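Heads up: the protein sequence lines correspond to chains A and B, in order. Per UniProt numbering, residue 1 is the first one in the first sequence, and the count goes up by one each step. Per UniProt numbering, residue 1 is the first one in the second sequence, and the count goes up by one each step. From the three backbone atoms N, C-alpha and C, an ideal C-beta is built for every residue, glycine too. Here the structure is a predicted model, which means the values were calculated and not measured.
There are 2 protein chains.
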Amino acid sequence: MPTPIDPTSLGFLLAENRNQPMHVAGLQLFEKPADAGPHFARELYEAALDTEEIAPLFRKRPSRSISSLGQWVWTDDAEFDIEHHVRHSALPEPGRIRELLELVSRLHGQMLGRERPLWEAHIIEGLADGRVAMYTKLHHSLVDGISAMKLMQSVLSTDPDRRNMPLPFDARAVRSKKVREPSARDLTSVPMDTLRSAMGLAADAGGLPAALIRTLNKGVKNEASALSFYAPKSIFNVNITGSRRFASDGWALDRLRAISKASRTTLNDVVLAMCGGAVRNYLIELNSLPDTSLVSMVPVGLKSRGSDSEAGGGGNAVGSVMVKLGTDLADPADRLAAIHASMKAGKAALESMTPNQIVAMSALGMAPSLAIPMLRLNGVVRPPFNLIISNVPGPRSTQFLNGARLTGTYPVSIPMQGMALNITCNSYAEDMCFGLTGDRRRVPHLQRLLVHLDSELTALEQAVGA
Amino acid sequence: MPTPIDPTSLGFLLAENRNQPMHVAGLQLFEKPADAGPHFARELYEAALDTEEIAPLFRKRPSRSISSLGQWVWTDDAEFDIEHHVRHSALPEPGRIRELLELVSRLHGQMLGRERPLWEAHIIEGLADGRVAMYTKLHHSLVDGISAMKLMQSVLSTDPDRRNMPLPFDARAVRSKKVREPSARDLTSVPMDTLRSAMGLAADAGGLPAALIRTLNKGVKNEASALSFYAPKSIFNVNITGSRRFASDGWALDRLRAISKASRTTLNDVVLAMCGGAVRNYLIELNSLPDTSLVSMVPVGLKSRGSDSEAGGGGNAVGSVMVKLGTDLADPADRLAAIHASMKAGKAALESMTPNQIVAMSALGMAPSLAIPMLRLNGVVRPPFNLIISNVPGPRSTQFLNGARLTGTYPVSIPMQGMALNITCNSYAEDMCFGLTGDRRRVPHLQRLLVHLDSELTALEQAVGA
């Protein structure tokens, strides 16, 4: 039964083109169980191909025809072919993380075909250390990045003895009640109906950005608010190409916590300080550091203010804070302090915002890919911000898939026109996992950022005496 | 220095979309030399990355801007990044040909990004038998399929002791004089200027199909000619999707020659008979065999008729013959005889054609992707033909790359709207190599055709007593 495509989801489909694929992904690394045979990856792949029933989210594809009166609708793929979606790949010798990231970079640069359900899962073998990787890619019209990570993690178990476990596209995963099938409404914490009525949106995608801009433009005028758009021009804020580079690594949460404790800042501040310092040193190497601080858009959770907030509804709303990363400051401790202050001011501003402003902010956080090109086209010459840094909490306990221990889980996100770099972090067990996704051409040597993140962590430890 | 894009090349760029990528490719298999270390593939890859100078064909990308007055031009890629074009891949266990074909199928379904030069070369390791594969993909706006195969083979050597050899994109390969840099004019044996003036074409791509159709429509009325379009409807003649399936294998030329000799037919007739029988049995399995024979378009070389033919120019022209494949006949020998007669009649018709008809035919052979959608849109409800079978002569002697013996060379071609299956053969040394490229969804279980090709060869041997 065809169902109409929600305007926000439709926006992601319409905003997509060769240079701006609109999918999110996750890279998970697993350590094979002690009792695994030599063909663990192949067995995982073949079990996936044998999935008896695919969850509805993974069976629907966008279509538009005379019978749908020219409207975009989701239809069930009558010719669903699991072999198209689940793939078995391998890394060339010597099978380092470098070869894995190279493969993930390539996979992430490829647009999903519209004639099929908009997802792929790649089971990847050939890591020299014996680990097996899984790269799972979903179109943003199906789920947002945070929900995608949650979905991938939701099928895992803390029980290392479980076997024959369903993967996220398996209808069993949904039926187990542990996982709720995500929908456009579930996934974004902001109720879309509220968003739409608050902004007086017509039920078509064309209307969303225009209304959004009107509200955002009001925000621009309020310099003190979390919506201030005073970011310098940077190499990240240019038009992008269709190819991607992905880099990822993890650092012990204990190290970040110690810095947080010693400096009386939050864990999130420390993550932002690592990113700020790394980006600073990266840009210095490229002789491209702006004089004033880069500004990051940072999505944050907001406590519901009940009837006080139209956006709040019954649950939690997602807002965004514009954080100055202190890239103009040479001292790591100064940067951390500046970030802490900027985040605090941004959150306070968010608290004082009108419901309409929060709704606009939520929309920006939820659908920056829709909003950014609009902002650029609306006479804001300077970028509204320079990059997006998200920090998504993940599972605190060790997770297993068919006895294979999850050793790391890294979000792969969406660079956009005017926003060539995205950093998304995912905490897991004892680590903070960083996923850096950039345009291959506009963010040269992206993998250097990993080196800088590592040295920045050490520099922060020394600076605050952790 | 930007140069205008030839209308034919531009046609391939404009005809391209997600469901119809317009690139051709070749798959080459190499046996490592006896003295090769364990990292032969990686060394090949790293040497390729170190290429000092890239040949101009492989450096140019299409662009359109105000400075080119809105015209499409080729520009040199100022930010050329060899790592984007040359890639190192591996096959998952168990590393059979099946895993290789699966990877090639996926690679072939991916559109080349317009922001870069339109080619990729993949060096693939992980075959269980130790061989190394190379999949080289070029956009049809750069070269046609035949020229692509010739280009890939041109850099090889009969000398197994040569090392440090250039790959096709290496400027050294062009400078060695053994290889001429292909251009739109060189590559198609039909002089484009002649083609254009004969058909009164305006210098834009929009004009080409319209003029072509006028000439082709004349041909349709001449039932006896090689242009007769009386093909039945078949499962291959439907709209296609963006994903591909590729299958390939080779058979000893001696076996084909023995059948040709015993039946007094040509080697090409035997190739067509293998294809006809295989397609017949494939369609029977799918319960989809049309009552009347399938018709294949078969590009053929034409001897120049000098001033007699406008298309002839000073060289050879390429024409096409519509061949009935005898898929309505149960006996392999009957099919072979029918194909022989059909091909003979088609060639005779071609000889008697007017220069304008030959030009139109040449254009159809050269650019079916442009012509077919036009034919479909011009009221010809039945397909003009059912599939395309090409047979491209390759090198007769054993070829080497850095001491690695070429064991097979398979063309990967372009399925099109209304033409979901393409078979292209390439003779090499002692083998006839078949490359079958189909739409993954519209040509189900494409690999079954390999089984049918094999049993058809045996059936032909028995039928003609070879």
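Next item on the list: Could you check the C-alpha separation between A202 of chain B and H85 of chain B for me, to the nearest Å?
Entry: As a position in the second sequence, residue 202 of chain B is number 202, starting the count at 1. As a position in the second sequence, residue 85 of chain B is number 85, starting the count at 1. Residue placement at A202 of chain B cannot be trusted, given a pLDDT of 33 that sits under 50; the coordinates are not used to answer.
Note to self: Distance check for I284 of chain B and H452 of chain B, CA to CA, integer angstroms please.
What the structure shows: To locate residue 452 of chain B, count along the second sequence from 1; it is residue 452. To locate residue 284 of chain B, count along the second sequence from 1; it is residue 284. Whole-angstrom Cα-Cα distance: 11 angstroms.
Next item on the list: Measure the alpha-carbon distance for G70 of chain B versus G113 of chain A and round it to whole angstroms.
Entry: As a position in the second sequence, residue 70 of chain B is number 70, starting the count at 1. As a position in the first sequence, residue 113 of chain A is number 113, starting the count at 1. About 29 angstroms.
Notebook entry, point to check: I think L91 of chain B touches L103 of chain B, with their Cβ atoms under 8 angstroms apart; what is that distance to the nearest whole Å?
Noted result: Working through the second sequence from its first residue, we reach residue 91 of chain B at position 91. Working through the second sequence from its first residue, we reach residue 103 of chain B at position 103. Rounded, the Cβ-Cβ distance is 6 angstroms, consistent with contact.
Notebook entry, point to check: How many whole angstroms separate the CB atoms of N391 of chain B and C425 of chain B, which I take to be in contact at a CB cut-off of 8 angstroms?
Noted result: For the purposes of this step, residue 391 of chain B is taken as residue 391 along the second sequence, with counting starting at 1. For the purposes of this step, residue 425 of chain B is taken as residue 425 along the second sequence, with counting starting at 1. That pair is a contact at about 5 angstroms.
Notebook entry, point to check: So does the segment 39-47 of chain A actually touch the segment 420-435 of chain A, counting three or more Cβ pairs closer than 8 angstroms?
Noted result: no
Note to self: Within 8 angstroms, do at least three Cβ pairs link the segment 430-446 of chain A to the segment 71-79 of chain A?
What the structure shows: no
Item checked: Chain-order list of residues whose beta-carbon lies under 8 angstroms from that of F30 of chain B (same chain, five-residue window excluded) -> Along the second sequence, one-based indexing puts residue 30 of chain B at 30. Hits under 8 angstroms: R131, V132, A133, M134, L401, A404, R405, L406 and T407.
Margin query: Between E79 of chain B and chain A, is the shortest Cβ-Cβ distance under 8 angstroms, so that the two count as touching?
Written below: If you number the second sequence from 1, residue 79 of chain B lands on position 79. For E79 of chain B, the answer is yes, since a Cβ of chain A falls inside 8 angstroms of its Cβ.
Item checked: Members of the segment 86-103 of chain B that neighbour chain A once the beta carbon cut-off is set at 9 angstroms -> R87, H88, S89, A90, L91, P92, E93, P94, G95, E99, E102 and L103
Notebook entry, point to check: Excluding the five sequence neighbours on either side, which residues of its own chain have a C-beta within less than 8 angstroms of the C-beta of R448 of chain A, listed in chain order?
Noted result: Within the first sequence, numbered from 1, the residue matching residue 448 of chain A stands at position 448. Contacts found: Y282 and E285.
Note to self: My output table needs one value for H140 of chain B: the three-state DSSP class, helix, strand or coil.
What the structure shows: Position 140 of the second sequence, counted from the start, is the residue given in the question as residue 140 of chain B. It is coil, neither helix nor strand.
Note to self: By the DSSP assignment, the alpha helix (DSSP H) with Q153 of chain B in it spans what residues?
What the structure shows: The residue given as residue 153 of chain B occupies position 153 in the second sequence. That run of the alpha helix (DSSP H) goes G145 to S154.
Notebook entry, point to check: How many Å lie between Q417 of chain A and E16 of chain B at the Cα?
Noted result: Translated into the one-based positions of the first sequence, residue 417 of chain A becomes position 417. Translated into the one-based positions of the second sequence, residue 16 of chain B becomes position 16. Taking the straight line from one Cα to the other gives about 23 angstroms.
Checklist line | Pairwise C-alpha distance: D454 of chain A and residue 469 of chain A | finding: This structure leaves residue 469 of chain A out entirely; chain A is present only between 1 and 466.
Note to self: To test your reading of the DSSP string, which unbroken alpha helix (DSSP H) runs of 4 or more residues are found completely within the segment 80-114 of chain A?
What the structure shows: 82-85 and 97-108
Margin query: Distance check for M297 of chain B and G207 of chain A, CA to CA, integer angstroms please.
Written below: If you number the first sequence from 1, residue 207 of chain A lands on position 207. If you number the second sequence from 1, residue 297 of chain B lands on position 297. Its pLDDT being 39, under 50, G207 of chain A is placed unreliably by the model, and the measurement read from it follows with that caveat. Between G207 of chain A and M297 of chain B, the C-alpha separation is close to 49 angstroms.
Note to self: At the 8 angstroms Cβ level, is N237 of chain A part of the contact set with chain B, yes or no?
What the structure shows: Indexing the first sequence from 1 puts residue 237 of chain A at position 237. Chain B contact via Cβ: absent.
Notebook entry, point to check: Whose CA, out of A:P444, A:S342, A:T409 and A:V443, lies closest to the CA of A429 of chain A?
Noted result: For the purposes of this step, residue 429 of chain A is taken as the residue at position 429 of the first sequence. Among A:P444, A:S342, A:T409 and A:V443, the Cα nearest to that of A429 of chain A belongs to A:T409.
Notebook entry, point to check: According to a CB-to-CB cut-off of less than 7 angstroms, which residues of the segment 120-132 of chain B neighbour chain A?
Noted result: E125 and G126
Next item on the list: Determine the extent of the alpha helix (DSSP H) in which Q462 of chain B is found, giving its start and end residues.
Entry: By one-based count along the second sequence, residue 462 of chain B stands at place 462. Q462 of chain B -> alpha helix (DSSP H) spans R448 to V464.
Check: What does a CB cutoff of less than 8 angstroms around V179 of chain B pick up in its chain, not counting 5 residues either side in sequence?
Finding: Within the second sequence, residue 179 of chain B is the residue found at index 179, counting from 1. For V179 of chain B, the predicted structure reports a pLDDT of 44, less than 50, and the residue's modelled location is therefore unreliable. A value from the coordinates is still provided. These residues qualify, in order along the chain: L151, S154, V155, P168 and A173.
Next item on the list: Can you give me the start and stop residues for the alpha helix (DSSP H) that D439 of chain A sits inside?
Entry: Locating residue 439 of chain A in the first sequence gives position 439, counting from the first residue. Taken as a continuous stretch (DSSP letters only), D439 of chain A belongs to no alpha helix (DSSP H), being part of the beta strand (DSSP E) at D431 to D439.
Checklist line | Beta-bridge partners of Q20 of chain B, as assigned by DSSP | finding: On the second sequence, position 20 is the one that residue 20 of chain B refers to. Paired residues: B:N17.
Check: Which whole-angstrom value is the C-beta distance of F12 of chain B and S141 of chain B, which I expect to be below 8 angstroms?
Finding: For the purposes of this step, residue 12 of chain B is taken as the residue at position 12 of the second sequence. For the purposes of this step, residue 141 of chain B is taken as the residue at position 141 of the second sequence. That belief holds up - the Cβ atoms of F12 of chain B and S141 of chain B are roughly 4 angstroms apart, short of 8 angstroms.
Margin query: Considering only DSSP beta bridges, list what P299 of chain B is partnered with.
Written below: Here residue 299 of chain B corresponds to residue number 299 of the second sequence, with the count starting at 1. Partner(s): B:S320.
Check: Secondary structure at L283 of chain A, three-state DSSP: helix, strand or coil?
Finding: Within the first sequence, numbered from 1, the residue matching residue 283 of chain A stands at position 283. The answer is helix: DSSP assigns L283 of chain A an H, G or I state.
Item checked: C-beta atoms of P33 of chain B and P166 of chain B nearer than 8 angstroms -> As a working note, residue 33 of chain B is residue 33 in the second sequence. As a working note, residue 166 of chain B is residue 166 in the second sequence. For P33 of chain B and P166 of chain B, no; Cβs fall outside 8 angstroms.
Note to self: I need the DSSP call for N268 of chain B, collapsed to helix, strand or coil.
What the structure shows: Position 268 of the second sequence, counted from the first residue, corresponds to residue 268 of chain B. Residue state, collapsed to three classes: helix.
Margin query: Can you tell me whether S225 of chain A is buried or exposed? The criterion is at least 16 other CB atoms within 10 Å of its CB, across all chains shown.
Written below: As a working mapping, residue 225 of chain A is identified with position 225 in the first sequence. Per-residue confidence for S225 of chain A stands at a pLDDT of 49, beneath the threshold of 50, marking its modelled position as unreliable; the derived number appears in the next sentence. Classification of S225 of chain A: buried, given that the 10 Å Cβ count is 16 or more.
Next item on the list: Identify the contact partners of S243 of chain B in chain A, using a Cβ-Cβ distance below 7 angstroms as the criterion.
Entry: Here residue 243 of chain B is taken as the residue at index 243 of the second sequence, counted from 1. By Cβ distance, chain A contributes H84 and G113.
Item checked: Cα-Cα separation, P232 of chain B to L57 of chain A -> Walking along the second sequence from the start, residue 232 of chain B turns up at place 232. Walking along the first sequence from the start, residue 57 of chain A turns up at place 57. Using only the alpha carbons, I get a separation of about 39 angstroms.
Checklist line | When B:R280, B:M1 and B:K137 are compared against S68 of chain B, the one with the closest alpha-carbon | finding: In the second sequence, counting from the first residue as 1, residue 68 of chain B sits at position 68. Comparing Cα-Cα distances from S68 of chain B to each of B:R280, B:M1 and B:K137, the minimum goes to B:M1.
Check: Going along chain B in order, which residues have a C-beta closer than 7 angstroms to the C-beta of Q110 of chain A?
Finding: As a working note, residue 110 of chain A is residue 110 in the first sequence. Ordered by position in chain B, the residues that pass the 7 angstroms Cβ test against Q110 of chain A are Q110.
Notebook entry, point to check: Which value, in whole angstroms, describes the spacing of the CA atoms of V279 of chain B and A36 of chain A?
Noted result: The count along the second sequence starts at 1 and reaches residue 279 of chain B at position 279. The count along the first sequence starts at 1 and reaches residue 36 of chain A at position 36. So the alpha carbons of these two residues sit roughly 43 angstroms apart.
Checklist line | Pairwise C-alpha distance: P299 of chain B and L350 of chain B | finding: Sequence index remark: in the second sequence, residue 350 of chain B carries index 350 (1-based). Sequence index remark: in the second sequence, residue 299 of chain B carries index 299 (1-based). Each residue's alpha carbon lies about 11 angstroms from the other.
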